[in-house]
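Student: There's a structure below that I have some questions on.
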Amino acid sequence: MASTFHGIETAKRSLFTQQTALNTVGHNISNANTAGYTRQRVNMSAATPMEPFGFFHSTAAGQRGTGVEASTITRLRTSFLDDQFRGETQAQGSWQIQAETLDKLEKIVNEPSDTGLRTLVEKFWSSWSDLSKDPGNITNRQIVKQNAIALTDSFNQLSKQLTDLSGDLTNSADTKAQQATSILSSIADLNGQIKRMEGMGDQANDLRDKRDLLTDQLSKLVNVNVTETADGYSIAMGGANLVAGTVSSVLTGAGLEASYQAGDLQGGEIFGTFKARDANVKGLQTQLDVLANTLANGEFQVTVPKGSVLPGTTVPLADDTIMTVKGINGLHKLGYTLEDPATAGLDFFTFDTAGGATGITAASIRLNPAINSDPNKIASSMRTSTDAAGVTTVVKGNNTLALLMGEAKDKAFTIDLTSSGGSVSSATVGSYYNSIVGLLGVQSQEAQRKYSNSTAMVDQADSSRQSVSGVSTDEEMSDMIKFQNAYNAAARFMTAMDELLEKLINGTGQVGR
């Protein structure tokens, strides 16, 4: 026969266990809106049974139940869903930066607009056509000059904005590298704390939540591979170990750029930052450099009308002659300025060597300073006359070169992209610029679409994870009622045991009274 106190012990265990379950429910509800919190559950199990008391009692488990006990409090979390969420987060972080950068590039280019490069190129061609109507008019020459300055200034400004944006992205990568380093250090510290706590038989559920939240944040910055070992989380990026036990790496922008070039860095915001800088910003910079140099020096063909006198000769052309010239500069040098004796045209565009430039780029292109100082040095004529004294003068009313300049708008220039890994092609200056703007628009739309898709995938992965790990207040309230009823029943059982003892102690052994 079991002791009456055995029932009290059974009731006590039930009370303590149900109270633990209620406390856990309260902990879950309190953290329902806490970022990174994982729902916890009390795992109840029957306490070790015992044999009936007797002369031959052993220490082996018997058939007499001893109640319930809370064996563990565990987190409801699945590593598969964590890995899926982090993988989608890496893609989202990368596309977010690329989409934001391309949006900035579209705003920098600002097409179509009245102040965009396309409009300025059109005005440049148009001013030459206007000059052809009255080549000697100083106002028309000033307009050609001002439109050329506006065009080169636009090239310079676009290049500066792209250079600044490229620098901002590099600085952003440095800042994000510092953030990643801080996260890695915190994860390594948590590895040590969790190992110490669980080594003493406790369960570090909340510390594990903090570590998982930090790992989620890290996956937004760089691609990570997470493995749990006896020493905690081991985190790697490609072939590089970032965290091993309590040891973490220090990341730098330069180091991560090397990892990007080596192919170890393949996702996250830092990957997107480098890709946006190198593929998008520098890619557009290269295209604008090619455009500026093509306008100034790109080969195209012109038909020089008969009667024209080429510089260095005195005999007019007997027939219309097809010639290949090297850009606006080459064509401008085929004509004559308004100066006498006849003076051949200069390079129309030059480059500013102050920044170390060795050729014409979007950053360095400028109007020839000599033309800027004296618009009469703009060549417009291709006719000369020689007097009896042998002095050659310009036929100032001739507009042949000005007409050819205006017609260059529709000429196919040779566009050399071999320096950036491309090929040699031909297109008008306007159509090539349109293709640059069009490609930028396509890239921006593609990045926005992929960012939207990756965001949807992150939301879906998070929803799947929350269905397992998230706190449902409705479910917790249901559990609260269940555990509360169990607690009440255990308390009632305790009262029943108390009544038995009361009867045994005070209601027996009173015969004859």
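Note that numbering that gives the first Met the number 0 numbers the sequence shown so that position 478 is 477, with each residue one more than the last.
Just so you know, even glycine gets a beta-carbon here, dropped at the ideal spot from N, CA and C.
Treat the numbers as computed from the prediction; the structure is a model and nothing was measured.
1) Relative to the C-alpha of Thr391, which candidate in Asn398, Thr383 and Asn397 has its C-alpha closest?
2) From the DSSP output, in three-state form, read off Leu499 for me.
3) Between the C-alpha atoms of Met236 and Lys219, what's the straight-line distance to the nearest angstrom?
4) Evaluate the contact criterion for the segment 256-267 versus the segment 297-313: three or more CB pairs, one atom per stretch, below 8 angstroms.
5) Do you know how far the Cα of Leu250 is from the Cα of Ala176?
6) When the Cα atoms are used, what is the spatial distance from Met0 to Gly6?
7) In three-state terms, what does DSSP make of Glu406?
8) Output the boundary residues of the beta strand (DSSP E) element that contains Asn513.
9) Identify the continuous beta strand (DSSP E) that holds Val423 and give its terminal residues.
10) Express the C-alpha separation of Ser462 and Thr114 in angstroms, rounding to a whole number.
11) Is it buried or exposed, Gly358, if we count other Cβ atoms within 10 angstroms and call 16 or more buried?
12) Report yes if the CB atom of Met43 is closer than 7 angstroms to the CB atom of Thr16, and no otherwise.
13) Kindly list the residues whose CB is nearer than 7 angstroms to the CB of Ala295, restricted to its own chain and excluding five residues on each side of it in sequence; keep chain order.
14) Given 8 angstroms as the limit, is there contact between the segment 337-346 and the segment 414-429, that is, 3 or more CB pairs closer than that?
15) I want to see whether chain C comes within less than 7 angstroms of Leu499, judged by CB atoms only; does it?
16) Are Thr460 and Gln192 closer than 7 angstroms when you measure CB to CB?
17) With a threshold of 8 angstroms on Cβ separation, who are the neighbours of Thr19 within its own chain once the five nearest residues in sequence on each side are excluded?
18) Quick one: what's Asn224 bridged to in DSSP?
19) Taking the CB atoms as reference points, tell me whether Asp263 and Gly244 lie closer together than 7 angstroms.
20) Buried or exposed for Ile370, going by 16 or more other Cβ atoms inside 10 Å?
21) Kindly indicate which three-state DSSP category Lys332 falls into: helix, strand or coil?
22) Do you know how far the Cα of Asp458 is from the Cα of Thr515?
Tutor: Once the coordinates are examined:
1) Within the sequence shown, numbered from 1, the residue matching residue 391 stands at position 392. Of Asn398, Thr383 and Asn397, the residue nearest in Cα terms is Thr383.
2) As a working mapping, residue 499 is identified with position 500 in the sequence shown. Looking at Leu499 - three-state DSSP - the assignment turns out to be helix.
3) Along the sequence shown, one-based indexing puts residue 236 at 237. Along the sequence shown, one-based indexing puts residue 219 at 220. Spanning the two alpha carbons is a distance of roughly 13 angstroms.
4) no
5) Position 177 of the sequence shown holds residue 176. Position 251 of the sequence shown holds residue 250. For Ala176 and Leu250, the distance between alpha carbons rounds to 5 angstroms.
6) Start at 1 with the first residue of the sequence shown, and residue 0 comes out as number 1. Start at 1 with the first residue of the sequence shown, and residue 6 comes out as number 7. Residue confidence is low: Met0 scores 47 on pLDDT, short of 50, so the model does not pin down where it sits. No coordinate-derived value is stated.
7) Here residue 406 refers to the residue found at position 407 when the sequence shown is read from its first residue. The answer is helix: DSSP assigns Glu406 an H, G or I state.
8) The displayed coordinates of the chain run from 0 to 512. Any statement about residue 513 would go beyond what the structure contains.
9) Reading the sequence shown from its first residue, position 424 is the one you call residue 423. Looking at the DSSP string, the run of the beta strand (DSSP E) that includes Val423 is Val423 to Ala426.
10) As a working note, residue 114 is residue 115 in the sequence shown. As a working note, residue 462 is residue 463 in the sequence shown. Their backbone Cα atoms lie some 47 angstroms apart in a straight line.
11) Looking up residue 358 in the sequence shown gives position 359. Classification for Gly358: exposed.
12) Mapped onto the sequence shown, residue 43 falls at position 44. Mapped onto the sequence shown, residue 16 falls at position 17. For Met43 and Thr16, yes; Cβs fall inside 7 angstroms.
13) The residue labelled residue 295 in the question sits at position 296 within the sequence shown. Answer for Ala295: Gly326, Ile327, Asn328, Phe348, Ile359 and Ile364, listed in chain order.
14) no
15) Going by chain labels, chain C is absent from the structure shown, which holds only one protein chain.
16) Here residue 460 refers to the residue found at position 461 when the sequence shown is read from its first residue. Here residue 192 refers to the residue found at position 193 when the sequence shown is read from its first residue. Going by the sequence as given, residue 460 is Ala instead of Thr. Against a cut-off of 7 angstroms, the Cβ pair of Gln192 and Ala460 comes out as no contact.
17) Taking the sequence shown and counting its residues from 1, the one referred to as residue 19 is at position 20. Once the five neighbours on either side are set aside, the close Cβ partners of Thr19 are Val41, Ala69 and Ile72.
18) The count along the sequence shown starts at 1 and reaches residue 224 at position 225. Bridge partners of Asn224: Ala235.
19) If you number the sequence shown from 1, residue 263 lands on position 264. If you number the sequence shown from 1, residue 244 lands on position 245. For Asp263 and Gly244, no; Cβs fall outside 7 angstroms.
20) In the sequence shown, residue 370 corresponds to position 371, counting from 1. It counts as buried.
21) As a position in the sequence shown, residue 332 is number 333, starting the count at 1. Coil.
22) With the chain running from 0 to 512 in the structure shown, residue 515 is simply not present.
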